[in-house]
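Comments concern the structure below.
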Amino acid sequence: MTTTDRDLEALSALMDGELQDLELRRTLGRVSEDADLRARWQRLQRVSETLQSKRVSAPAIDVSLSVMQSLEDKPNLSRNPIWSAAIAASVTIAVVMGGQQLLSSSTSVTSTPLISDIGGGVVPVMGAQPIQASLGAKSIPVTTRPAQDSAMPEDVAAMYERLARDRYRRLNPRHAQAAALSHPAPYISYVRAPNASMASESEQD
Amino acid sequence: MRRWLASQNKTNPLVLYRPNLLALLAVLIVPGSGFAQSPSQTCDLDNPAKQLLNKMLQAPYALAFEGTVLYERAQGRQFLTVTWPHASGTGVLRRMNAEADPTAEPWPAPIDSPRRICDVIQVYIPTLDSGPVVAGRQTQRLTLRPRDTLRLAHRIDVDAETGMALAMATAGPEGQMLERYEYAAIDYAETAPDSGTLSPAPAAYLPGRSVVPGYFLVSQDADNAVFVVSDGLATASIFVEPLPAGAPLGEGAIIEGATLTYTRGTAAARTAESDARSADRGLLISVLGEVPLVTARLLADAVRPPAGSR
Chain W
72 MTTTDRDLEA
82 LSALMDGELQ
92 DLELRRTLGR
102 VSEDADLRAR
112 WQRLQRVSET
122 LQSKRVSAPA
132 IDVSLSVMQS
142 LEDKPNLSRN
152 PIWSAAIAAS
162 VTIAVVMGGQ
172 QLLSSSTSVT
182 STPLISDIGG
192 GVVPVMGAQP
202 IQASLGAKSI
212 PVTTRPAQDS
222 AMPEDVAAMY
232 ERLARDRYRR
242 LNPRHAQAAA
252 LSHPAPYISY
262 VRAPNASMAS
272 ESEQD
Chain S
4 MRRWLASQNK
14 TNPLVLYRPN
24 LLALLAVLIV
34 PGSGFAQSPS
44 QTCDLDNPAK
54 QLLNKMLQAP
64 YALAFEGTVL
74 YERAQGRQFL
84 TVTWPHASGT
94 GVLRRMNAEA
104 DPTAEPWPAP
114 IDSPRRICDV
124 IQVYIPTLDS
134 GPVVAGRQTQ
144 RLTLRPRDTL
154 RLAHRIDVDA
164 ETGMALAMAT
174 AGPEGQMLER
184 YEYAAIDYAE
194 TAPDSGTLSP
204 APAAYLPGRS
214 VVPGYFLVSQ
224 DADNAVFVVS
234 DGLATASIFV
244 EPLPAGAPLG
254 EGAIIEGATL
264 TYTRGTAAAR
274 TAESDARSAD
284 RGLLISVLGE
294 VPLVTARLLA
304 DAVRPPAGSR
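Here it is, written out as structure tokens:
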């Protein structure tokens, strides 16, 4: 899906706080599903901050060379989707995690008005309950951009679903440790972990 | 029920760094960071719902208990016994479903901070109603409605006397129940836990930079490429690793109970010096959390290849 002039106009109006409810929904939906539009919003936000002499968000630090060095230094161990954490660490320490400047520059959450509910489609997820993708997100799994000479899109979608399922099994114990700290019943986070003893087996029944 | 907040906290980029760059980057990060409040800062709890929510969040430090719990989600149900705190200094959980002698599994003390309630009520609207009797205890029903579409809704039956969360259901964006738990029985001890005996000690609550509106970075493990964000109630963990060589770019997700797992393969940086093999090596971003899909996607967006990427 490509960014249209209408999207850009809506984004500009959104930045100016001039969007009406329905158009706001549509624009937020478009932003949710269009990476280019999200990136443009972030750029506009930075420009807006600069023009208003506000604090400019910390710029991303170009560590491209470090990333590539990390990638090139490491052997390609396997095509298996499960890798060693050591390799992951060597690469990911050099990525940039940016704040989501998706909304206008107001600083107070509580002082802002609320608008009405935002709808969205129900997303079928294989092997699980449906969820609704907020902001108009359409479906998962979905292929965003297949690599050159890659498999068919449906194969890609299936691969990423397998990856998601694998990561759920493998990473949820670690996530549980973090989630427990904020949950009103901390043990629930551990019970969710699928690899714990017989509970997991019973859930497969 | 769900509402979108017209504007949110302004957020700032965050740089994940090599350990040996820590000193340098700390200078760049801290001055512009989003540490919006001090850990001790409090907020106005101006209605009974907020006050009960605060009491509920503080309950683990005021109550010692043993109980039996039913946990349910679409994939099945489990029966648990829980003890807080155990002599070991942690909580202890036993899964009673299938084992004659279930293993004792420890669980830690939750965070204890006056700041937390302030973060929670910034992104959820608490309302109060009369609740059912749960495990023989009269409850008040606390409903936490998200102010935006970036988090899930919760319905919590809170012990009217103690503030203990005796039952809780988490709903998806469409209102469908994703998971729930409920105490079948609970016995409170006469004395409160001795916080000095808890081991490990309660984790500090020092929310850092806002990554997605309402979600703050609460921990990062750069060595293992794990980053955790929270809005004070919901938590999401972000894991980053190399994309398999030759793997196409794409995304996928599954949901188990309230936990969404989202994976995305994204392109990595490409430089003039890189060869064809390395240029194909992207990043695989996995987001696990009790969050809607849109939040997971935004969190994955927040992990970006450095400048110069494709």
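Residue numbers (the working numbering), protein chains in the order written: chain W, 72 to 276; chain S, 4 to 313.
Don't be surprised by glycine CBs; every beta carbon is placed ideally from N, CA and C.
Where W:R238 meets chain S, residues with beta-carbon distance less than 8 angstroms:
The contacting residues are F242, T264, T266, S289, L291.
Interface flag, W:L108 vs chain S, CB-CB below 9 angstroms
Not closer than 9 angstroms to any Cβ of chain S, the Cβ of W:L108 fails to qualify, so no.
Less than 9 angstroms separating the beta-carbons of W:V262 and S:L83?
Taking a C-beta distance under 9 angstroms as the contact criterion, W:V262 and S:L83 qualify as a contact pair.
Nearest chain W C-beta to S:R119 closer than 9 angstroms, yes or no?
Chain W has a Cβ within less than 9 angstroms of the Cβ of S:R119.
What does the alpha-carbon distance come out to for the pair S:V123 and S:L131?
Between the alpha carbons of S:V123 and S:L131 lies a distance of about 16 angstroms.
Reduced DSSP category for S:I325 - H, G, I as helix; E, B as strand; rest coil:
The structure shown does not extend to residue 325 of chain S, since chain S is modelled only from 4 through 313, so no value can be given for it.
Look at the alpha carbon of S:L96 and the alpha carbon of S:R148, and state the distance between them as a whole number of angstroms.
If you draw a straight line from the Cα of S:L96 to the Cα of S:R148, it is about 29 angstroms long.
If we ignore side chains and look at the alpha-carbon of each, how far apart do W:T75 and S:E185 end up?
Approximately 49 angstroms between the Cα atoms of the pair.
Can you tell me whether S:G199 is buried or exposed? The criterion is at least 16 other CB atoms within 10 Å of its CB, across all chains shown.
Exposure of S:G199 is indicated by the presence of fewer than 16 other C-beta atoms within 10 angstroms of its C-beta.
Using a Cβ-Cβ cut-off of less than 8 angstroms, give me the residues of the segment 243-258 of chain S that come near chain W, in sequence order.
Hits within the stretch, in order: V243, E244, P245, P247, A248, G249, A250, P251, L252, G253, E254, G255, A256, I257, I258.
Through-space distance from S:D190 to S:R267, alpha-carbon basis
Looking at the two C-alpha atoms, the distance is approximately 45 angstroms.
Examine chain W for any beta-carbon lying closer than 9 angstroms to the beta-carbon of S:L236, and answer yes or no.
Taking Cβ atoms only, chain W reaches closer than 9 angstroms to S:L236, which makes this a yes.
Strictly under 9 angstroms for the Cβ-Cβ distance: is W:A249 near chain S by that measure?
Proximity of W:A249 to chain S, defined by a Cβ-Cβ separation below 9 angstroms, is satisfied.
So, does the CB of S:G63 fall closer than 9 angstroms to a CB anywhere in chain W?
Reading off the sequence, residue 63 of chain S comes out as Pro, not Gly. Under the Cβ criterion of 9 angstroms, S:P63 is counted among the residues facing chain W.
What residue range does the alpha helix (DSSP H) around W:H246 cover?
Looking at the DSSP string, the run of the alpha helix (DSSP H) that includes W:H246 is 224-251.
Whose CA, out of S:G253, S:D224, S:A163, S:A261, lies closest to the CA of S:R300?
Nearest C-alpha to S:R300 among S:G253, S:D224, S:A163, S:A261: S:G253.
Whole angstroms are fine: how far does the CA of S:P205 sit from the CA of S:F242?
S:F242 and S:P205: Cα-Cα distance of roughly 24 angstroms.
Taking Cβ to Cβ, would you say S:T165 is nearer than 9 angstroms to S:L66?
Their beta carbons are under 9 angstroms apart, which means S:T165 touches S:L66 by this criterion.
Nearest to S:T269 (by Cα), restricted to the options S:S289, S:Q81, S:C46:
Answer by Cα proximity: S:S289.
Answer with yes or no whether the minimum CB distance from S:V231 to chain W is below 9 angstroms.
Interface residue (Cβ-Cβ distance to chain W less than 9 angstroms): S:V231 is classified as such.
If you run the structure through DSSP and keep just helix, strand and coil, what is S:M59?
Here S:M59 sits in helix by DSSP.
Taking 7 angstroms as the limit between beta carbons, can you name the residues of its chain near S:P63, skipping five residues before and five after?
Taken in chain order, the residues that qualify are W87, A112, P113.
Could you work out which residue in S:Q61, S:A107, S:E177, S:V306 is closest to S:A225 when comparing CA atoms only?
For the residues S:Q61, S:A107, S:E177, S:V306, the minimum Cα distance to S:A225 belongs to S:V306.
The segment 245-260 of chain S in contact with the segment 227-243 of chain W per 3-pair CB rule at 8 angstroms
Touching, yes, given that three or more Cβ pairs across the two stretches are closer than 8 angstroms.
Could you please give the first and the last residue of the uninterrupted alpha helix (DSSP H) stretch that includes W:Y261?
Where W:Y261 is concerned, the enclosing alpha helix (DSSP H) stretches over 257-263.
Three-state class that DSSP yields for S:Y64 in the structure shown:
In the structure shown, S:Y64 sits in a helix (DSSP, three-state: H, G or I).
Should W:Q200 be flagged as near chain S, meaning a C-beta pair shorter than 9 angstroms?
Reliability of the predicted coordinates at W:Q200 is poor, the pLDDT of 30 falling under 50, and the value obtained from them is presented with this limitation in mind. Residue-level contact check: W:Q200 touches chain S, since one or more beta carbons of chain S fall below 9 angstroms from its beta carbon.
For S:N57, which of W:E104, W:R111, W:P255, W:D107 has the nearest alpha-carbon?
Selection W:E104, W:R111, W:P255, W:D107 evaluated against S:N57 yields W:P255 as nearest (Cα-Cα).
Measuring CA to CA, which of S:G211, S:T262, S:A52 is closest to S:P129?
Distance check between S:P129 and each of S:G211, S:T262, S:A52 places S:A52 closest, using alpha-carbon atoms only.
Given 8 angstroms as the limit, is there contact between the segment 232-240 of chain S and the segment 214-221 of chain S, that is, 3 or more CB pairs closer than that?
The segment 232-240 of chain S vs the segment 214-221 of chain S: in contact.
Can you tell me the Cβ-Cβ gap for S:V137 and S:L181, rounded? I've got them flagged as a contact below 8 angstroms.
So it is not a contact: roughly 19 angstroms between Cβ atoms.
Name, in chain order, the residues that DSSP records as bridge partners for S:M171.
In DSSP, S:M171 forms a bridge with S:I159, S:Y184.
Given a cut-off of 9 angstroms, decide if W:A250 and S:E293 are closer than it, judged by their beta-carbon atoms.
The Cβ-Cβ distance between S:E293 and W:A250 falls below 9 angstroms.
9 angstroms Cβ cutoff, W:S260 in contact with chain S
Yes, W:S260 counts as interfacial toward chain S.
Assuming S:P251 contacts W:V227 under a Cβ cut-off of 8 angstroms, what Cβ separation, rounded to an integer in Å, is found between them?
Right, their Cβ atoms sit about 5 angstroms apart.
Per DSSP, what kind of secondary structure is S:L73 in: helix, strand or coil?
Assigned with DSSP and collapsed to three states, S:L73 falls in strand.
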